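Residue numbers (my numbering), protein chains in the order written: chain A, 1285 to 1601; chain B, 1285 to 1601; chain C, 5 to 264; chain D, 5 to 264.
All residues carry an ideal CB built from backbone N, CA and C; glycine is no exception.
The structure presented is a predicted model; accordingly, all values stated were derived computationally and were not measured.
Reading through the structure tokens given below for one structure.
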Amino acid sequence: MKLMTAAEAVRTLIKDGDQIALGGFTVNRNPMLMAREMIRQGKRHLYLVVHSHGQALELLVGAGCVQRVEIAYGGVGRFAPTGFRFKKAFLEKKIEVEDYSNLQMTLRFMAGAMGMPFVVTRSGLGTDIVRLSGFSPESRGQGRVPRQKLTLLKDPFDPDGADVVALPPLNPDVALVHAQYVGEAGTCRFCGLTFADIEQAKAAKTVIVTCEEIVPEAYLRREPDRNSLPPFLVDAVVAAPFGAHPTACHQFYDYDPKHMNLFKQIARDDDRFKAYLDEWVYPFDSQEAYLERVGVRDLLEIRANPGWGYAPGLDRR
Amino acid sequence: MKLMTAAEAVRTLIKDGDQIALGGFTVNRNPMLMAREMIRQGKRHLYLVVHSHGQALELLVGAGCVQRVEIAYGGVGRFAPTGFRFKKAFLEKKIEVEDYSNLQMTLRFMAGAMGMPFVVTRSGLGTDIVRLSGFSPESRGQGRVPRQKLTLLKDPFDPDGADVVALPPLNPDVALVHAQYVGEAGTCRFCGLTFADIEQAKAAKTVIVTCEEIVPEAYLRREPDRNSLPPFLVDAVVAAPFGAHPTACHQFYDYDPKHMNLFKQIARDDDRFKAYLDEWVYPFDSQEAYLERVGVRDLLEIRANPGWGYAPGLDRR
Amino acid sequence: MGIYTATEIMALSAGRLVHNGDILFAGTGLSMLAATVAKRIHAPESVVFFETGGIDPRLEELPLTVADPRVMVGSAVNSGLADALSLLGHPKLKTIAFLGAAQIDCYGNLNSTLLGTYEHPEQRFPGSGGACDAASMAYGVIIFMQHQRRRFVEKLDYFTSPGWLEGGDARRRAGFLRGGPIAVVTNLGVMKFHEQTKRMYLETYYPFTDPEKIVAETGFPLDVSFATVAIPPSDEELAVLRQTVDPQRLILGPPAVDPA
Amino acid sequence: MGIYTATEIMALSAGRLVHNGDILFAGTGLSMLAATVAKRIHAPESVVFFETGGIDPRLEELPLTVADPRVMVGSAVNSGLADALSLLGHPKLKTIAFLGAAQIDCYGNLNSTLLGTYEHPEQRFPGSGGACDAASMAYGVIIFMQHQRRRFVEKLDYFTSPGWLEGGDARRRAGFLRGGPIAVVTNLGVMKFHEQTKRMYLETYYPFTDPEKIVAETGFPLDVSFATVAIPPSDEELAVLRQTVDPQRLILGPPAVDPA
Chain A
1285 MKLMTAAEAV
1295 RTLIKDGDQI
1305 ALGGFTVNRN
1315 PMLMAREMIR
1325 QGKRHLYLVV
1335 HSHGQALELL
1345 VGAGCVQRVE
1355 IAYGGVGRFA
1365 PTGFRFKKAF
1375 LEKKIEVEDY
1385 SNLQMTLRFM
1395 AGAMGMPFVV
1405 TRSGLGTDIV
1415 RLSGFSPESR
1425 GQGRVPRQKL
1435 TLLKDPFDPD
1445 GADVVALPPL
1455 NPDVALVHAQ
1465 YVGEAGTCRF
1475 CGLTFADIEQ
1485 AKAAKTVIVT
1495 CEEIVPEAYL
1505 RREPDRNSLP
1515 PFLVDAVVAA
1525 PFGAHPTACH
1535 QFYDYDPKHM
1545 NLFKQIARDD
1555 DRFKAYLDEW
1565 VYPFDSQEAY
1575 LERVGVRDLL
1585 EIRANPGWGY
1595 APGLDRR
Chain B
1285 MKLMTAAEAV
1295 RTLIKDGDQI
1305 ALGGFTVNRN
1315 PMLMAREMIR
1325 QGKRHLYLVV
1335 HSHGQALELL
1345 VGAGCVQRVE
1355 IAYGGVGRFA
1365 PTGFRFKKAF
1375 LEKKIEVEDY
1385 SNLQMTLRFM
1395 AGAMGMPFVV
1405 TRSGLGTDIV
1415 RLSGFSPESR
1425 GQGRVPRQKL
1435 TLLKDPFDPD
1445 GADVVALPPL
1455 NPDVALVHAQ
1465 YVGEAGTCRF
1475 CGLTFADIEQ
1485 AKAAKTVIVT
1495 CEEIVPEAYL
1505 RREPDRNSLP
1515 PFLVDAVVAA
1525 PFGAHPTACH
1535 QFYDYDPKHM
1545 NLFKQIARDD
1555 DRFKAYLDEW
1565 VYPFDSQEAY
1575 LERVGVRDLL
1585 EIRANPGWGY
1595 APGLDRR
Chain C
5 MGIYTATEIM
15 ALSAGRLVHN
25 GDILFAGTGL
35 SMLAATVAKR
45 IHAPESVVFF
55 ETGGIDPRLE
65 ELPLTVADPR
75 VMVGSAVNSG
85 LADALSLLGH
95 PKLKTIAFLG
105 AAQIDCYGNL
115 NSTLLGTYEH
125 PEQRFPGSGG
135 ACDAASMAYG
145 VIIFMQHQRR
155 RFVEKLDYFT
165 SPGWLEGGDA
175 RRRAGFLRGG
185 PIAVVTNLGV
195 MKFHEQTKRM
205 YLETYYPFTD
215 PEKIVAETGF
225 PLDVSFATVA
235 IPPSDEELAV
245 LRQTVDPQRL
255 ILGPPAVDPA
Chain D
5 MGIYTATEIM
15 ALSAGRLVHN
25 GDILFAGTGL
35 SMLAATVAKR
45 IHAPESVVFF
55 ETGGIDPRLE
65 ELPLTVADPR
75 VMVGSAVNSG
85 LADALSLLGH
95 PKLKTIAFLG
105 AAQIDCYGNL
115 NSTLLGTYEH
125 PEQRFPGSGG
135 ACDAASMAYG
145 VIIFMQHQRR
155 RFVEKLDYFT
165 SPGWLEGGDA
175 RRRAGFLRGG
185 PIAVVTNLGV
195 MKFHEQTKRM
205 YLETYYPFTD
215 PEKIVAETGF
225 PLDVSFATVA
235 IPPSDEELAV
245 LRQTVDPQRL
255 ILGPPAVDPA
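The structure is reproduced here in structure tokens:
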């Protein structure tokens, strides 16, 4: 485990073309600091593997960093039921998209995490998720694109040999997850729902954890039942207060409805999106500088009340 | 969820011949109260499915309640590297045993819990665990005995089509697990290592949870990250202070070396084992009566120090 | 009987389909309203869970997405996707999933992925999320749709989530152990599926519309011979929905305007 | 150089095979001693984990089984079997597993299940536990054995845990991605495996024995042509083992008696 800045982590651990798993879910615990830093460093041809995303996906796709996405859901909840930049890039064929279900993606991360050769499910039998592939035939078997999206197998334990869907495991080059706490030695604790973050981290070759607080290792080891990852699975830790902003981080802050609505306004339009990047992404070489731009008033408004873990009464219209 | 006595739970929810998953591991969190009660009620032909067991297995097998066992490890650690009663029953062909590995059994519980049609692993390729079946050919497909123990499949994603081991899921009739805390509505919290208890409970048709403490539901719901099972998966809850004795229960008590050594003395010999049942099992129609027999002095000696979760300095020779 | 919006009668119509004790797989929007109103009115023992891992949260404020931090408070268990999505198919749970979609066919199969094709895409939607999983494994599915001819189609552009497949016993033959759509709740009425053929038919239409209008908005032949007018929302239902479930009208949207 | 028991030199010989940073899959007994002594002497960054789910616990007192509550304190993570056993094969971890067995063959394949057959059983051992999993997936395996002719056999009664299978590249051909036994540490010496054939050979014998005795106690032909005498335990090694690792001698057993 090595403590790094976001800039250092992106420069030394993420290459153009890498297959990257994004932690979090739609409006929650997206690795936003890392997404902004990848954009600042002009990463290209990224191959995202996600279940349901999300604000980080929107930024990365919009900024032209992404070539390829395996995904179950591309949206930001009520703020953008379908992600504007994701939709636009798909329709303009700037990205190739392979569609799965949330369970299928989760099982693939789990299979990667557990070293399973493949994993089977009944979910999706008979559908186009199983029948159709979104990646072009010529991409098959190239780089990290699997030779087959998935395949049907006969269940050897079923007397009738019913079909089941067999899925290949995912072992991304990099997992980007945002934790509430990391100990000085590298133990990680996610609070609230863990989504598929733990599976993604265990499946990945390189794990970069941004976190709200770096705490004494002993503090986390007093309650090991609550911890999520041991130090030896974590390659880099980046101190990142409000590192998921404008998405939420349970017990620390809510999603930022003001910023999300602002993004919703600009996201449909290429020029306005570029202006957003110029205003909110490119200028800031540190998280502190970005947070100054957000402003103390807004940060105070979204901070979580410890009794709820979110900001009760927050104006979310 | 229904609050019951152990006697009521065994009488109403466990039938002769049922397939039963035992929670815990060797000397830890064995469902001992339930094991003793099944013996008292003379349950027969039980079909145990376990990974590494354990004191409850020893009692149930020794008392003649068991016909069939799927297992990875039958022992009680240093107190009995191979369980005496388990070994004897196997050698005298009083039980049929099917051998697996711990990962294989865990994956089978997990597959059962997650509704997977089957699960694959590379563990055991080329070994007798994969080649040989311990159950008789005539038992195959009868009752709950699977038609095949397991089978080899070609990995459809491997260019060379390497073999992998495919295992059928387990969905036991009953799971018996011992938790530290259960809320009044039925939410369960296991503390310390969870072994495969959560997977066993989720895989089972009927879940009986014994617990050290029944607490206000709101107490557990203040920290839902730490909880293990929701109420709607739990069929019966049995209040069982020291319910895992003489095995350990993290944060409540250590294993009881005095009792385990006593058992070690008597377990090889049929007559002495019968005398043990007469002394420690049959007479007690309540957990309180059993604990009176154990005695306050011994219970105080093994009680866990909250700083460690076990009894530091306990004489374990 | 007061005035009400289409959104309000949709939420209440779906809520009425819930049985006490059902385990409700909710998304956001209408399904949150339906699940919550049912729990508050006639299904107090029902439990809501979210694919993100929030199992039976307290829900003091309405979550705006399934990953809203509001689904992590007061829960029985906070877990993750693997655990939550596995509950959908648990044989001992009567799981009812609420789903929406961009297109539906006469067997309740759903498209929430795209219009056109991968090669020539015309429109993009978010994708399955957990919808395909819920449609594959839940005990039953209740579908919300805007009732429009372009959404009720003969053939889906993309088949995301399995309903009754080609009808009859096709779903069981494909390998599904249970499930299938129970009802389609739209802004005009409630559709169900014929016992044998599994084809959609109109069960009830809302007081402000009629079967002819619904047929006109349906892109495949729809049997309306069983159709009756829906029981309008009661004052109690409306009060719970407006005052307790969504007082900020975050999901309900603008209130009904009295035409008088 | 002091006197020492066979158990002591076994623990220390195995401990010397650990590299700093290795992730150690420990059972109980000798493997606990070897892992702990290595961590204390030359591999401080190595981490011990248990198949039961205890990942890097503090281990202030020696656990007597892998499910001992002593493996649940001060850990990085307390989890369960699924998580812990999955770590064994993690490609980024150099996992070293310590295993024991009732029988071993010349390719390091192990039996910890039974003697005789299922039909005609002669003896029963506990079974694989996690041994088959560790032997299948760990980066490397160190095996503890009592060196006896009946344990070092031409053919296992039951093949529980995979070593080098039939030798050569049989292990890779069978589908294993990595791993295989590194060494067999017995009460008489340390065996390794020939690079190409994967057959066992004697690397070192303890000062109190000789290759002839070891050959006599081995039920298959054993190459002793490379054998040298082992470096005896240092005073420091013995001090750490006796005073820090197992002061109660729970696993070490009775101390050595000076024959003088």
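Whole-angstrom C-beta distance between residue j and residue i, which should lie under 8 Å
{"i": "Gly1361/A", "j": "Thr69/C", "result": "3 Å"}
{"i": "Val1458/A", "j": "Val1493/A", "result": "Contact doesn't hold; Cβ gap of about 11 Å is too wide."}
{"i": "Pro211/C", "j": "Glu12/C", "result": "The pair is not a contact, with the Cβ atoms about 13 Å apart (cut-off 8 Å)."}
{"i": "Ile27/D", "j": "Leu89/D", "result": "Not quite, the Cβ-Cβ distance comes to about 13 Å (not below 8 Å), so this is no contact."}
{"i": "Ile146/C", "j": "Ala187/C", "result": "5 Å"}
{"i": "Asp1599/A", "j": "Pro1515/A", "result": "About 41 Å separates the two Cβ atoms, so there is no contact after all."}
Listed by chain order, chain D residues near residue i by CB distance under 8 Å
{"i": "Lys1486/B", "result": "Going along chain D, no residue has its Cβ under 8 Å from Lys1486/B, so there is no contact; the nearest lies around 12 Å."}
With 16 other Cβ atoms within 10 Å as the buried cut-off, status of residue i
{"i": "Ser1420/B", "result": "exposed"}
{"i": "Phe230/D", "result": "exposed"}
{"i": "Gly1338/A", "result": "buried"}
{"i": "Leu1584/A", "result": "exposed"}
{"i": "Ala1559/B", "result": "exposed"}
{"i": "Arg1313/B", "result": "buried"}
{"i": "Leu256/C", "result": "buried"}
{"i": "Ile235/D", "result": "exposed"}
{"i": "Met5/D", "result": "Low confidence applies here, because Met5/D scores a pLDDT of 46, under 50, leaving its location unreliable; read the following figure in that light. So Met5/D ends up on the exposed side."}
{"i": "Pro130/D", "result": "buried"}
{"i": "Pro185/D", "result": "buried"}
{"i": "Pro95/C", "result": "exposed"}
Proximal residues of chain A, C-beta to C-beta of residue i below 7 Å
{"i": "Asn82/C", "result": "Gly1476, Leu1477"}
{"i": "Gly131/C", "result": "Ile1355, Ala1356, Tyr1357, Gly1358, Asp1383"}
Listed by chain order, chain B residues near residue i by CB distance under 8 Å
{"i": "Leu28/C", "result": "The premise fails here: Leu28/C is roughly 11 Å from chain B at the closest Cβ pair, so nothing lies under 8 Å."}
{"i": "Pro251/D", "result": "Going along chain B, no residue has its Cβ under 8 Å from Pro251/D, so there is no contact; the nearest lies around 12 Å."}
Boundaries (first-last residue) of the alpha helix (DSSP H) holding residue i
{"i": "Tyr1560/B", "result": "1554–1564"}
{"i": "Thr11/D", "result": "10–20"}
{"i": "Phe1374/B", "result": "1368–1375"}
{"i": "Tyr1574/A", "result": "1571–1578"}
{"i": "Leu242/D", "result": "239–243"}
Beta-carbon neighbours of residue i, restricted to chain B and to distances below 7 Å
{"i": "Arg128/D", "result": "Thr1366, Lys1371, Phe1374, Leu1375"}
{"i": "Arg203/D", "result": "None at all; the shortest Cβ gap to chain B is about 17 Å."}
Residue range of the beta strand (DSSP E) that includes residue i
{"i": "Val189/D", "result": "185–190"}
{"i": "Glu1496/B", "result": "1490–1499"}
{"i": "Pro125/D", "result": "125–128"}
Interface partners of residue i on chain A, CB under 8 Å
{"i": "Leu63/D", "result": "Result: empty, since nearest Cβ-Cβ is about 12 Å, beyond 8 Å."}
Where residue i meets chain C, residues with beta-carbon distance less than 8 Å
{"i": "Arg1601/A", "result": "Gln252, Leu254"}
*Touch test, the stretch 83–102 of chain C against the stretch 1463–1480 of chain A, Cβ-Cβ under 8 Å, three pairs minimum*: yes
*asked:* When you compare the stretch 72–82 of chain D with the stretch 1508–1526 of chain A, are there three or more beta-carbon pairs, one atom per stretch, that lie closer than 8 Å?
replied: yes
_Contact the stretch 99–109 of chain D vs the stretch 1402–1419 of chain A: 3+ CB pairs below 8 Å_ = no
*Say whether the stretch 1369–1386 of chain B touches the stretch 118–137 of chain D, bearing in mind that this needs 3 or more beta-carbon pairs closer than 8 Å, one atom from each stretch.*
yes
*Touch check for the stretch 1337–1352 of chain A and the stretch 1366–1381 of chain A: three-plus C-beta pairs under 8 Å?*
yes
_the stretch 188–195 of chain C in contact with the stretch 249–262 of chain C per 3-pair CB rule at 8 Å_ = no
*Using 8 Å as the threshold, is the stretch 234–250 of chain C in touch with the stretch 40–49 of chain C, meaning 3 or more CB pairs across them?*
yes
_Closer than 8 Å is the cut-off here; do at least three beta carbon pairs connect the stretch 197–204 of chain D with the stretch 161–174 of chain D?_
yes
*With contact counted as at least three CB pairs below 8 Å, one residue from each stretch, are the stretch 1390–1397 of chain A and the stretch 1443–1457 of chain A in contact?*
yes
_Closer than 8 Å is the cut-off here; do at least three beta carbon pairs connect the stretch 1465–1473 of chain B with the stretch 1487–1505 of chain B?_
yes
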